[in-house]
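K.L.:
Take 146 as the starting number for the sequence shown in our numbering and just add one per residue.
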Amino acid sequence: MNPKYLWLADALQLLVFFVVGPVLAIAIAYSGWRGKSRRFTSERFGIVCVVSGIAAVLMLVCARRINADVRDAQYFLQLGCMLLSGLLFGVYMGCGGVLILRMWFWHKATRVVDNNRTGR
146 MNPKYLWLAD ALQLLVFFVV GPVLAIAIAY SGWRGKSRRF TSERFGIVCV VSGIAAVLML
206 VCARRINADV RDAQYFLQLG CMLLSGLLFG VYMGCGGVLI LRMWFWHKAT RVVDNNRTGR
């Protein structure tokens with residue numbers, strides 16, 4: 146790879162980590178909040194959240210440890226690991242957002258309401 150094109154790999158990584166990952170997280174959280182996915186329960190969202198978070202961290206550590214030069218073929222493996230870890234972080238954030246929203250609504254639904262307003 147010509148070093149003249151290195152900005153393309155950096156721009157791709159920034160795009161995945163700061164645009165595509167958060168958009169994916171928002172889309173997952175929105176669909177989970179609206180209840181569009183009938184097959185996914187809170188337990189499945191929790192499992193996907195934990196598994197994708199662990200996989201994202203492992204892919205990021207793997208990409209960091211490869212430390213390949215741009216002239217090596219391993220550079221593309223490192224770039225792929227970085228991009229996949231960005232997408233997995235998006236899935237992790239989205240499923241975690243669904244879990245937080247469900248816990249928040251569950252907490253508000255189980256709150257005891259004080260209907261005795263005569264003391265005020």
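Glycine included, C-beta positions come from ideal geometry on N, C-alpha and C. As the structure is a computational prediction, the values presented were derived from the model and not from experiment.
Going by Cα to Cα distance, which pick from GLY191, GLY235 and MET204 is closest to LEU246?
P.N.:
Among GLY191, GLY235 and MET204, the Cα nearest to that of LEU246 belongs to GLY191.
K.L.:
So the alpha helix (DSSP H) CYS198 belongs to, where does it begin and stop?
P.N.:
According to the sequence provided, residue 198 is Gly. The question's Cys does not apply to it. Per DSSP, GLY198 belongs to the alpha helix (DSSP H) from 187 to 211.
K.L.:
Would you mind working out which of GLN223, CYS240 and TYR237 sits nearest ASP155, comparing C-alpha positions?
P.N.:
Of the listed residues, the one whose Cα sits closest to ASP155 is GLN223.
K.L.:
When the Cα atoms are used, what is the spatial distance from LEU157 to LEU228?
P.N.:
For LEU157 and LEU228, the distance between alpha carbons rounds to 8 angstroms.
K.L.:
By how many angstroms is the C-alpha of ASP217 removed from the C-alpha of PHE185?
P.N.:
Distance between the alpha carbons of PHE185 and ASP217: 42 angstroms.
K.L.:
Between the alpha carbons of GLY242 and ARG209, how many angstroms are there, rounded?
P.N.:
Going from the Cα of GLY242 to the Cα of ARG209 covers about 27 angstroms.
K.L.:
Between GLY197 and CYS240, which are expected to be in contact by the criterion C-beta below 8 angstroms, what is the C-beta distance as a whole number of angstroms?
P.N.:
One detail in the question is off: residue 197 reads as Ser in this sequence, not Gly. Indeed, because the Cβ distance is near 7 angstroms, the residues count as touching under 8 angstroms.
K.L.:
Drop a sphere of 10 angstroms on the beta-carbon of GLY177, count the other beta-carbons inside from all chains shown, and report buried for 16 or more, exposed for fewer.
P.N.:
Buried, since its Cβ has 16 or more Cβ neighbours within 10 Å.
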